[in-house]
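Set out below in structure tokens:
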């Protein structure tokens, strides 16, 4: 993996603003499902959780941002990183939960509101919910309550019953 330059046989993308290049041998693997998994061992990020590894729980949700030449703007997508092949990330930006805020600098308002609403118990689903909501806000700064529910429908939580999570996030909705 080269940090400074990429060649024609590599995949270039950014993780939390840091340039990453992978040779094509990695292009068949998923972003989180490489053994050892990419975000944890190669990129050294542990906030994104690999739980089911099948795209069913949303714990591994990250935001992928790509320029849409037809709409002529950057579009943000909430994706299950355990399912997205590295080759689809070429020239994209990936944002993980570490990329939006931390206790070392300042937590993001999405992180703050889920915490204040007591929306986290075991914590495995929390990064995925945070990234789903963050992605929604990047695309729509004034979401409705229905928009928020739709954004979170791909995330599972077996501890909270969803109410405190949604209550925290609905504080972002327009009245």
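Residue numbers (the working numbering): 4 to 178. Note that beta-carbon positions come from the ideal geometry of N, C-alpha and C, so glycine has one too. This structure is a prediction, so every number in the text was calculated from the model and none was measured.
By the criterion of a C-beta distance shorter than 7 Å, residue 65 is surrounded in its chain by 51, 82, 84, 97, 98, 99 and 134, once the five residues flanking it on both sides are discounted. In this chain, the alpha helix (DSSP H) harbouring residue 139 covers 129-142. Residue 98 is bridged by DSSP to 66. Going by DSSP, residue 46 is part of no alpha helix (DSSP H) at all; its letter is neither H nor E.
Under the three-state reduction of DSSP output, residue 73 falls in the coil class, being neither helix nor strand. In the structure shown, residue 155 falls within a helical segment according to DSSP collapsed to helix, strand and coil. By the neighbour-count criterion, in which a residue is buried when 16 or more other Cβ atoms sit within 10 angstroms of its Cβ, residue 23 is buried. The shortest C-alpha to C-alpha distance from residue 138 to any of 72, 127 and 150 is the one to 150.
Per DSSP, residue 54 has no beta bridge partner at all. Remark: C-beta atoms of residue 88 and residue 122 do not approach each other more closely than 8 Å.
DSSP places residue 110 outside both helix and strand once states are collapsed to three, so it counts as coil. Excluding the 5 residues flanking it on each side, residue 113 has same chain C-beta neighbours closer than 6 Å at 133, 136 and 137, in chain order.
When the beta-carbon positions are compared, residue 140 and residue 155 stay at least 8 Å from each other. Exposure of residue 49 is indicated by the presence of fewer than 16 other C-beta atoms within 10 angstroms of its C-beta. Residue pairing by DSSP puts residue 25 in a beta bridge opposite 14. Only buried fits residue 116, as 16 or more other CB atoms lie within 10 angstroms of its CB.
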